[in-house]
Amino acid sequence: MIEEQSIVKVAMADLNVAGPNGILRTTGLGSCVGLTLYDPVTKIGGMAHVMLPSSAIAREGQLNLAKYADTALPILLNKMRNLGASPARMVAKMAGGAQMFAFAGSGDTMRIGPRNVESCKAGLEQMGITLIAEDTGGNYGRTVELDCATGKFTIRSVQKGIKEL
Numbered sequence: 078m079i080e081e082q083s084i085v086k087v088a089m090a091d092l093n094v095a096g097p098n099g100i101l102r103t104t105g106l107g108s109c110v111g112l113t114l115y116d117p118v119t120k121i122g123g124m125a126h127v128m129l130p131s132s133a134i135a136r137e138g139q140l141n142l143a144k145y146a147d148t149a150l151p152i153l154l155n156k157m158r159n160l161g162a163s164p165a166r167m168v169a170k171m172a173g174g175a176q177m178f179a180f181a182g183s184g185d186t187m188r189i190g191p192r193n194v195e196s197c198k199a200g201l202e203q204m205g206i207t208l209i210a211e212d213t214g215g216n217y218g219r220t221v222e223l224d225c226a227t228g229k230f231t232i233r234s235v236q237k238g239i240k241e242l
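Under the working numbering, the letters of the sequence shown match residues 78 to 242, in that order.
Right, dumping it as structure tokens:
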């Protein structure tokens with residue numbers, strides 16, 4: 078019997094987890110980062126669609142913890158741990174973090190994509206999780222998928238076609 082894989086969508090400023098039959102997918106990554114964690118033994122995966130580097134810049138009343146790299150990563154880790162994944166076995170892959178627009182002389186504030194990538198890497202380092210593959214930067218959008226059965230990370234973009242990490 079062939080078990081059907083289910084697609085688990087991860088919206089912008091959202092995160093989700095899936096077991097061995099799940100494919101996690103997020104679309105519309107420009108300056109946002111699609112960050113995945115994966116336990117190859119339990120085949121449990123998690124994905125966060127990170128919009129901004131730090132919750133310290135939050136202005137909304139009800140904080141969306143999935144929106145920021147510093148708050149999304151710990152939540153994703155805990156959700157995966159609750160399903161039986163081990164942080165000691167987890168590996169990370171990520172894509173996105175593009176600089177979608179050129180701004181002359183605007184300094185660090187408009188470097189959202191690169192800052193998202195830096196913040197995700199810092200969070201992974203803090204949690205002791207190895208980043209084993211990335212497709213970040215550039216000036217184009219991406220759609221990414223993590224196949225939890227295999228750990229394969231697929232990146233699609235109009236400019237670069239399909240890439241597997």
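Note that CB positions come from ideal geometry on N, CA and C, so glycine has one too.
Here the structure is a predicted model, which is why all the values come from computation and not from measurement.
Where Met78 sits in the DSSP three-state scheme: The residue given as residue 78 occupies position 1 in the sequence shown. For Met78, the pLDDT reaches just 46, beneath the cut-off of 50, and the residue's location in the model is therefore unreliable, although a value from the coordinates is still provided. Met78 falls in the coil class under three-state DSSP.
Tell me whether Ser163 sits in a helix, a strand or coil according to DSSP, three-state version. Taking the first residue of the sequence shown as position 1, residue 163 is located at position 86. In this structure, Ser163 counts as coil in the three-state DSSP scheme.
According to DSSP, which residues form a beta bridge with Met124? Within the sequence shown, numbered from 1, the residue matching residue 124 stands at position 47. For Met124, DSSP records a beta bridge to Asn93, Thr113.
Pull the bridge partners of Arg102 from the DSSP assignment, please. Here residue 102 is taken as the residue at index 25 of the sequence shown, counted from 1. DSSP, once it has assigned bridges, lists Lys86, Glu222 as partnering Arg102.
Short check: CB of Val85 to CB of Gly107, under 8 Å? As a first step, residue 85 must be located in the sequence shown, where it is residue number 8. As a first step, residue 107 must be located in the sequence shown, where it is residue number 30. Taking 8 Å as the Cβ cut-off, Val85 and Gly107 do not qualify as a contacting pair.
Please classify Val235: is it buried, with 16 or more other beta-carbons within 10 angstroms of its beta-carbon, or exposed? Along the sequence shown, read from residue 1 onward, the residue named residue 235 stands at position 158. Exposed is the call here.
Look up Met177 in the DSSP assignment and say whether it is helix, strand or coil. As a working note, residue 177 is residue 100 in the sequence shown. Residue state, collapsed to three classes: coil.
Count the other CB atoms within 10 Å of the CB of Arg136; is the residue buried (16 or more) or exposed (fewer)? Here residue 136 corresponds to residue number 59 of the sequence shown, with the count starting at 1. Result: exposed.
At least three beta-carbon pairs within less than 8 Å, the segment 186 to 195 to the segment 224 to 234: No contact exists between the segment 186 to 195 and the segment 224 to 234.
Own chain residues within Cβ distance below 6 Å of Leu201, not counting five before or after: Taking the sequence shown and counting its residues from 1, one reaches residue 201 at position 124. Taken in chain order, the residues that qualify are Ala169, Leu208.
Beta-carbon spacing of Leu101, Val87 below 8 Å: The residue labelled residue 101 in the question sits at position 24 within the sequence shown. The residue labelled residue 87 in the question sits at position 10 within the sequence shown. In contact: Leu101 and Val87 (Cβ atoms closer than 8 Å).
For Asn93, does the count of other Cβ atoms within 10 angstroms reach 16, so buried, or fall short, so exposed? Taking the sequence shown and counting its residues from 1, the one referred to as residue 93 is at position 16. Per the 10 Å Cβ criterion, buried.
Can you tell me the Cα-Cα spacing of Asn155 and Gly161, whole angstroms? Indexing the sequence shown from 1 puts residue 155 at position 78. Indexing the sequence shown from 1 puts residue 161 at position 84. CA-CA distance, Asn155 to Gly161, rounds to 10 Å.
Buried or exposed for Ala133, going by 16 or more other Cβ atoms inside 10 Å? Here residue 133 refers to the residue found at position 56 when the sequence shown is read from its first residue. Flag for Ala133 reads exposed.
Taking all protein chains shown into account, decide if Glu241 is buried (16 or more other Cβ within 10 angstroms of its Cβ) or exposed. As a position in the sequence shown, residue 241 is number 164, starting the count at 1. It is exposed - the Cβ of Glu241 has fewer than 16 other Cβ atoms within 10 Å.
C-beta contact flag for Ala149 and Arg219 at 8 Å: Here the question's residue 149 lines up with position 72 in the sequence shown. Here the question's residue 219 lines up with position 142 in the sequence shown. 8 Å or more divides the Cβ of Ala149 from the Cβ of Arg219.
Provide the residue(s) that pair with Ser196 in DSSP beta bridges, ordered along the chain. Within the sequence shown, the letter at position 119 stands for residue 196. Checking the DSSP bridge columns, you'll see Ser196 has no partner listed.
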